[in-house]
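As they're listed, the protein sequences go chains A and B. With the first letter of the first sequence counted as 1, position 596 gets the number 602 in our numbering; the numbers rise by one all the way through. With the first letter of the second sequence counted as 1, position 150 gets the number 171 in our numbering; the numbers rise by one all the way through. Virtual Cβ for every residue (Gly too), placed ideally from N, Cα, C.
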Amino acid sequence: MKMDMRFAHGNFWRRASHLAIVILLSFWLQAQTSPDQDLTSLSVEELARSKVFSASRHLEDSREAPSAVSIITSEDIARYGWRTLSEALRSLRGFYTSYDRNYSYLGVRGFLRAGDYNSRILLLVNGHRLNDNVYDSAQIGTEFPIDMDLVDRIEIVRGPSSSLFGSNAVFGVINVITRRPKDSAIETSADTSSYMGRTGRVGASFQKNRLSGIVSGSMYRSNGASTLFFPEFNAPETNRGVAKNIDGDRYDHAFGDLQYGNLRVQGAFSTRNKLLPTASFDTIFNQPGTRTTDSRGYLDVSYHRTLKANTDLDVRAYYDAYRYHGTYVYPNIAGSQPILNLDDGIADWSGVETTLSRKIGRHRITAGADYEYNFRVDQKNYDLGGLPVVSDHRAPWRAATFAEGELKLPAKLTLHAGGRMDWFSAYGVSLSPRIALVYEPSSKTTVKYIFGRAFRAPNAYESYYVDNVVIVAPAAQLKPEGISSHELVLEHSFKPWLRVTTEGFYNNLTNLIDQQPDPASGLTHFVNSGRDHGRGVEAEVEAKKASGFAARASYTLAHAEDVIAMQRLQNSPLHTTKLNMTIPVSHNAFGGVEFLYSSAQTSYLQTRVPPWFLTNVTLSTKPLWGGWEFSGSCYNALDRRWYSPAGPGFRQASIQQDGRAFRFKASYRLPFGRKQKNLLADNTIRTGGNAQGPPLTAGRGREPRP
Amino acid sequence: MRRNVIAAVACVLAIVSLIAMPSSAQVRDESAVKVALVYNLTKYVEWPQSNNALVIGFVGEGSMGEVLQKVLEGKSSESRVIHVVLFPNDEELKKCNILYIAEASPKKVRAALDKARSNNILTVGEKEAFMHQGGMVGLLTTGEQVQIQINLEAAREAKLKISSRLLDLAVLVKLAPVLQN
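This is the structure:
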């Protein structure tokens, strides 16, 4: 009831203005140039020199996909000045993020469970799973191991996708696809930003006959906000709530991707170090030394082969490593020196995946299997110089098999039906079916109905982190969490460059794993107890014009509720609205404007976190004077004060976010070598579909539509 | 109240940016450029038999056929009148001078190319695979430009002569002996 009241009494003006902008846009766009413009008076030389643009390719790619799909391109990233994956994702309909001055968290359609490190989102890089095997965390802030400069596009599939991808694909799958080398070049970029932020990147790409590759290395350093005020600590003994110079952030990245014919080897290594100014987990306030380090690396070898005309085989083998190391500074009651508490999560794992895809007439069948073994999943906690409080060693494995069929039915219907069976050495079997019905009454309209079940297996932290100080062992073996979801999507292209999507969804989550008081010990433990459901509607207008103008406006109403407590979920805004616009200001320069609005949320401590409205402005150029590109961004341009809800372990209910900030970035690209001009050389790109990882839009292990 | 002000500012900003936006003539629609290139082909290709009509056939997917018809139907090129025939049957195909093949599946491309062979038809396609299969002129979108690729051998086999002005602009393609992956 409370929710309805707020909706009715909400700020009508503000919502109306968002709507007005969308309508205005649509009208104005109608007046633009069209594909049937007559250019026959131009000479053939002029035509060959013309820069061209195709809106339909971008907007129609995902139409046939059996899910609600969004695509973020490298162009979007440059035009809107997005520095992290998290900034790119929060521009999408139904997505919102929060930041507790350590990690970034992603909320989807009203669900962002406090104390969880995005374990209900599956994050992939070129089809390689990035969630770690200790906390299942999907790292999307500065801890994300890939540079945004290397991203070619990001495919976002909403809804449960465990039927293809297994655990963690509860609310969606995010596949980050890195750039393929187009030619041989050396590239370098540098930026400088507020809070003494600076980034440098050096990379090279090369292509020769069937061999191509890209390598890149970069570093980022930021001092962070020099002073941060936390009213919860406003007392004389805690420096009046002011944390000074302990918000630093830094990362080092290395990435390599090599392709020879159908064989591809890629690897990434990243380490990121963050100072924590929030005195979380009862550490000493305004005391330097509390920090976390997350290192993530992988090596992935994949091979694609067309066995027969209609049969494709994909094989992948990988080795992954994750290291988390936390240092927490605690007061020492007995002595003068503070106590250093050290927390470690260490995992090394390796696995193989194989996918076979076969086209039979107009139908297609995809089937596959994978196996993964953990050499170790270790957790440790100890005071420096003391005995271990937590010392746990595990070596679990998992295996899975899956199949999906795409059946072209009469009456313009396509049925996607599939399922996956996962075996976990620790938890047994999980089944994830999915059915999607896609109806295309005309080439402009698509209707999709999707039903899916997905799961998240309990992670090592929830199952085995037992310190007997705060957490005791689970009373019973934890079971996987489940989600079942229904979605109805209606997409219509009013013009080849103008698409409107509306969507309704219902999510039902069961067996949610929560940290709860344990009556037996008086401490806490993890238990399968929670039950949530969420429902809502979304609408989005997307336009892309030949002139370079592009816009995306969306609104989401998401009502997510704890079924047992009968109340709205924490960290769950009822309304989110976004508007992103790229406006060409000259032939080579673009203005990118981003407006993001989120209504009020309730924090973990049950306080109200005020709504926020963010305006980000970026001015960027195309390559000038043979390879220079510049961009200048102003984030939170109106300098609005805004807060993110904090999770468990914080005395603060919400954490203040950055005010107005700037970034200036320059990059230079120097091509070398001759441009390849014969087909044989270009041939290596031909299998590019696979080279870019399994295209989510088309289903797993399948080449995208040419 | 402050929020209202910001919303209003956002609104005004949006309107101003819409009005102030210059229309850039440099970037052109891909389909429009391709259609104009097809028109240019009629000028720079010589067919063995000359008629006073020039017939362009279209097979395949997408909106390209409609755009071809809208822009080129009835237009004249070197004193010949252009007719565009969408999805020509075998009879109509024999009258075609140009066949634009926008098929996605290699099987269909092959079928269309087979039909066009032996009829002195200039085949035009959009994909690299089309060139692999023996298509004559490829209009390939590479990055931000449309690249013209020409398979001279295939054109010669069909007894078509291509002007050097066009060849100068194009990337010449030879069929490689083994291209199966």
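Quick check on this structure: which residue in A/109, A/166, A/45 has the alpha carbon closest to the alpha carbon of residue 513 of chain A?
The count along the first sequence starts at 1 and reaches residue 513 of chain A at position 507. The shortest C-alpha separation from residue 513 of chain A is found at A/166.
Rounded to whole angstroms, how far is the Cβ of residue 117 of chain B from the Cβ of residue 109 of chain B, which I believe are closer than 8 angstroms?
Here residue 117 of chain B is taken as the residue at index 96 of the second sequence, counted from 1. Here residue 109 of chain B is taken as the residue at index 88 of the second sequence, counted from 1. Contact holds; Cβ gap of about 6 angstroms.
Rounding to the nearest angstrom, what Cα-Cα distance links residue 463 of chain A and residue 480 of chain A in this structure?
Start at 1 with the first residue of the first sequence, and residue 463 of chain A comes out as number 457. Start at 1 with the first residue of the first sequence, and residue 480 of chain A comes out as number 474. Whole-angstrom Cα-Cα distance: 15 angstroms.
Once DSSP output is grouped into helix, strand and coil, what is the label at residue 467 of chain A?
Here residue 467 of chain A refers to the residue found at position 461 of the first sequence. It is helical.
Taking C-beta pairs closer than 8 angstroms, name the residues in chain B that residue 579 of chain A reaches, listed in chain order.
Counted from its first residue, the first sequence places residue 579 of chain A at position 573. Ordered by position in chain B, no residue passes the 8 angstroms Cβ test against residue 579 of chain A, which lies about 15 angstroms from the chain.
Grab the span of the beta strand (DSSP E) containing residue 394 of chain A for me, first residue to last.
Position 388 of the first sequence, counted from the start, is the residue given in the question as residue 394 of chain A. That run of the beta strand (DSSP E) goes 394–400.
Could you tell me whether the Cβ atoms of residue 346 of chain A and residue 358 of chain A are closer together than 8 angstroms?
Counting from 1 along the first sequence, the entry for residue 346 of chain A is found at position 340. Counting from 1 along the first sequence, the entry for residue 358 of chain A is found at position 352. Cβ atoms of residue 346 of chain A and residue 358 of chain A: not closer than 8 angstroms.
Between residue 43 of chain A and chain B, is there a C-beta pair that is closer than 8 angstroms?
The residue labelled residue 43 of chain A in the question sits at position 37 within the first sequence. Yes, contact with chain B.
Over the uninterrupted beta strand (DSSP E) stretch that includes residue 493 of chain A, give me the two end residues.
Counted from its first residue, the first sequence places residue 493 of chain A at position 487. From DSSP, the beta strand (DSSP E) with residue 493 of chain A extends over 487–501.
List the residues of chain A that residue 115 of chain B touches, going by C-beta distances under 8 angstroms, in chain order.
Your numbering for residue 115 of chain B matches position 94 in the second sequence. Under the 8 angstroms cutoff, chain A gives no residues; its nearest Cβ is about 26 angstroms from residue 115 of chain B.
For residue 63 of chain B, which of helix, strand or coil comes out of DSSP?
For this step, residue 63 of chain B is matched to residue 42 along the second sequence. Helix.
Helix, strand or coil, according to DSSP, for residue 99 of chain B in the structure here?
Translated into positions along the second sequence, residue 99 of chain B becomes position 78. Three-state DSSP puts residue 99 of chain B in coil, outside helix and strand.
Can you give me the C-alpha to C-alpha distance between residue 111 of chain A and residue 422 of chain A, rounded to a whole angstrom?
Taking the first sequence and counting its residues from 1, the one referred to as residue 111 of chain A is at position 105. Taking the first sequence and counting its residues from 1, the one referred to as residue 422 of chain A is at position 416. Cα to Cα, the separation comes out at about 31 angstroms.
Establish whether the CB of residue 615 of chain A and some CB of chain B are separated by less than 8 angstroms.
Translated into the one-based positions of the first sequence, residue 615 of chain A becomes position 609. False, the Cβ-Cβ gap to chain B never drops below 8 angstroms.
Taking DSSP as the reference, what is the three-state secondary structure of residue 293 of chain A?
In the first sequence, the residue the question calls residue 293 of chain A occupies position 287. If DSSP states are grouped into helix, strand and coil, residue 293 of chain A belongs with coil.
Rounded to a whole number of angstroms, what is the C-alpha to C-alpha distance between residue 686 of chain A and residue 135 of chain B?
Translated into positions along the first sequence, residue 686 of chain A becomes position 680. Translated into positions along the second sequence, residue 135 of chain B becomes position 114. Note on residue 686 of chain A: pLDDT 33, under 50, position unreliable in the model; the coordinate value appears next. Near 23 angstroms, if we compare the C-alpha coordinates of residue 135 of chain B and residue 686 of chain A.
So, does the CB of residue 294 of chain A fall closer than 8 angstroms to a CB anywhere in chain B?
If you number the first sequence from 1, residue 294 of chain A lands on position 288. No, residue 294 of chain A does not count as interfacial toward chain B.
Quick one: grab the DSSP three-state call for residue 611 of chain A.
The residue given as residue 611 of chain A occupies position 605 in the first sequence. Here residue 611 of chain A sits in coil by DSSP.
Count the other C-beta atoms from every protein chain shown that fall within 10 angstroms of the C-beta of residue 523 of chain A, then say buried if there are 16 or more, exposed otherwise.
In the first sequence, the residue the question calls residue 523 of chain A occupies position 517. Exposed, because fewer than 16 other Cβ atoms sit within 10 Å of the Cβ of residue 523 of chain A.
Taking residue 221 of chain A and residue 262 of chain A to be in contact with their CB atoms under 8 angstroms, please state how far apart those CB atoms are, rounded to whole angstroms.
Within the first sequence, residue 221 of chain A is the residue found at index 215, counting from 1. Within the first sequence, residue 262 of chain A is the residue found at index 256, counting from 1. The Cβ separation is near 5 angstroms, so the contact holds.
Could you tell me whether the Cβ of residue 187 of chain B comes closer than 8 angstroms to any Cβ of chain A?
On the second sequence, position 166 is the one that residue 187 of chain B refers to. Output row for residue 187 of chain B: interface = yes.
Closest to residue 204 of chain A by C-alpha separation, out of A/611, A/257, A/482, would be which residue?
On the first sequence, position 198 is the one that residue 204 of chain A refers to. Residue 204 of chain A has its Cα closest to that of A/257, out of A/611, A/257, A/482.
Over what stretch of residues does the alpha helix (DSSP H) that includes residue 84 of chain A continue unbroken?
Counted from its first residue, the first sequence places residue 84 of chain A at position 78. Element bounds for residue 84 of chain A: 80–86.
Buried or exposed: which applies to residue 613 of chain A, given that a residue is buried once 16 or more other Cβ atoms fall within 10 Å of its Cβ?
Position 607 of the first sequence, counting from 1, holds the residue named residue 613 of chain A. Looking at its Cβ environment, which holds fewer than 16 other Cβ atoms inside 10 Å, residue 613 of chain A is exposed.
So is residue 502 of chain A in contact with chain B if we call contact Cβ pairs under 8 angstroms?
Counting from 1 along the first sequence, the entry for residue 502 of chain A is found at position 496. Interface residue, yes.
Do you know offhand how far residue 154 of chain A's Cα is from residue 98 of chain B's?
To locate residue 154 of chain A, count along the first sequence from 1; it is residue 148. To locate residue 98 of chain B, count along the second sequence from 1; it is residue 77. Going by the C-alpha atoms only, they are around 49 angstroms apart.
At the level of alpha carbons, what is the spacing between residue 182 of chain B and residue 52 of chain A?
Here residue 182 of chain B corresponds to residue number 161 of the second sequence, with the count starting at 1. Here residue 52 of chain A corresponds to residue number 46 of the first sequence, with the count starting at 1. One C-alpha to the other measures close to 22 angstroms.
Are the CB atoms of residue 297 of chain A and residue 333 of chain A nearer to each other than 8 angstroms?
Position 291 of the first sequence, counting from 1, holds the residue named residue 297 of chain A. Position 327 of the first sequence, counting from 1, holds the residue named residue 333 of chain A. In this structure, residue 333 of chain A lies closer than 8 angstroms to residue 297 of chain A by Cβ.
Would you please state the rounded distance, in angstroms, between the beta carbons of residue 676 of chain A and residue 191 of chain A? I believe it to be under 8 angstroms.
Reading the first sequence from its first residue, position 670 is the one you call residue 676 of chain A. Reading the first sequence from its first residue, position 185 is the one you call residue 191 of chain A. That belief holds up - the Cβ atoms of residue 676 of chain A and residue 191 of chain A are roughly 6 angstroms apart, short of 8 angstroms.
Using a Cβ distance threshold of 8 angstroms, determine whether the segment 374–388 of chain A contacts the segment 337–353 of chain A, with at least three qualifying pairs required.
Because the criterion of three Cβ pairs below 8 angstroms is met, the segment 374–388 of chain A and the segment 337–353 of chain A touch.
Would you say residue 552 of chain A faces chain B, with C-beta separation under 8 angstroms as the test?
By one-based count along the first sequence, residue 552 of chain A stands at place 546. By this cut-off, residue 552 of chain A is an interface position.
Please state whether DSSP places residue 46 of chain A in a helix, a strand or coil.
Position 40 of the first sequence, counted from the start, is the residue given in the question as residue 46 of chain A. The answer is coil: DSSP assigns residue 46 of chain A none of H, G, I, E or B.
Could you check what DSSP says for residue 320 of chain A in three-state terms: helix, strand or coil?
Counted from its first residue, the first sequence places residue 320 of chain A at position 314. Residue 320 of chain A falls in the strand class under three-state DSSP.
Should residue 569 of chain A go down as buried or exposed, given a rule of 16 or more other Cβ atoms within 10 Å for buried?
Reading the first sequence from its first residue, position 563 is the one you call residue 569 of chain A. Exposed, by the Cβ-count rule.
Can you confirm whether residue 61 of chain B, when its beta carbon is compared against all beta carbons of chain A, has any partner nearer than 8 angstroms?
Taking the second sequence and counting its residues from 1, one reaches residue 61 of chain B at position 40. Answer yes: the Cβ-Cβ gap between residue 61 of chain B and chain A drops below 8 angstroms somewhere.
So, helix, strand or coil for residue 152 of chain B, using DSSP?
Within the second sequence, the letter at position 131 stands for residue 152 of chain B. Looking at residue 152 of chain B - three-state DSSP - the assignment turns out to be helix.
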